[in-house]
Amino acid sequence: MTQAAAAPIVLGLDPGSQRTGYAVVASAPGGKVRLIAAGALSAPAGQKLPARLAAIFKELSRIIAEHAPAEMAVEGVFTHKNARTALILGQARGVALLAGAQAGLAIYEYPPATVKKSLVGTGQASKEQVRAMAQRLAGGGRLSLDASDALALALTHLHSRRLGAVLERLR
103 MTQAAAAPIV
113 LGLDPGSQRT
123 GYAVVASAPG
133 GKVRLIAAGA
143 LSAPAGQKLP
153 ARLAAIFKEL
163 SRIIAEHAPA
173 EMAVEGVFTH
183 KNARTALILG
193 QARGVALLAG
203 AQAGLAIYEY
213 PPATVKKSLV
223 GTGQASKEQV
233 RAMAQRLAGG
243 GRLSLDASDA
253 LALALTHLHS
263 RRLGAVLERL
273 R
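Mapped onto my numbering, the consecutive letters of the sequence shown carry residue numbers 103 to 273.
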């Protein structure tokens, strides 16, 4: 079985209550990555939080049904200076996790600093540095910051899978 056949399609998600970035990737021959789809889901402007969360859930469910990923990589919980903002982000993250869980996806979480270090080499990298490296690794065109953050999560997960496979073979 080749590495490309062994690796599943991965959905990377960067949840937000206004915009949720997503990227769907698969391993390609030679250790390369094939970018299948990427973008940002925008919640309807001017609507209250429950309606925005429902829209995020509906669109993520559609993307999952369309691309049939087996695994999902999502940004892990992080602290925020503003408790209200952290709570709202947590609710958007919960809706994203629910969409993945209902579809039966294996879900993996990565802290933002781990993603930055995985792609750029430092946990303090800027969003622009992460976007540049993610686009370079996946051969994608110019992506929004939300979509490139989601792509970075998916790439981090694929790198983690590869490392795990190498370590398993060494045992």
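Positions of the beta carbon are idealized from the N, C-alpha and C atoms, including for glycine.
All values derive from a computational prediction rather than experimental measurement.
Look at the beta carbons and you see the segment 227 to 240 not touching the segment 192 to 203: under three pairs across the two are nearer than 8 Å. For Arg121, the CB contacts under 6 Å within the same chain, skipping 5 residues up- and downstream, are Ala142, Ser144 and Asp248 in chain order. With fewer than 16 neighbouring CB atoms inside 10 Å of its own CB, Pro146 falls in the exposed class. DSSP, reduced to helix, strand and coil, places Arg136 within a strand of the structure shown.
Under the criterion of beta carbons closer than 8 Å, Gly114 and Ala252 qualify as touching, at roughly 4 Å. Annotated three-state conformation of Ile165 is helix, per DSSP. One alpha carbon belongs to Gly202, the other to Ala139, and they sit about 17 Å apart. Counting only the Cα atoms, Tyr124 lies some 15 Å from Leu155. For Thr187, the uninterrupted alpha helix (DSSP H) segment begins and ends at Ala185 to Gln204. Cβ-Cβ distances below 6 Å link Asp116 to Gly123, Glu177, Asp248, Asp251 and Ala252 in the same chain, with the five nearest sequence neighbours on each side left out; the list follows chain order.
In the three-state scheme derived from DSSP, where H, G and I count as helix and E and B as strand, Thr122 is classed as strand. Between Pro171 and Ile111 a beta carbon distance of about 4 Å is seen, short of the 8 Å cut, so the two are scored as contacting.
Assigned with DSSP and collapsed to three states, Ser250 falls in helix. Going by DSSP, Val179 is part of no beta strand (DSSP E) at all; its letter is neither H nor E.
For the options Ser228, Arg273, Leu265 and Leu257, the alpha carbon positioned closest to that of Ala175 is the one of Leu257. Beta-bridge annotation (DSSP): Glu270 is not paired with any residue. C-alpha of Ala205 to C-alpha of Ile158: approximately 15 Å in a straight line.
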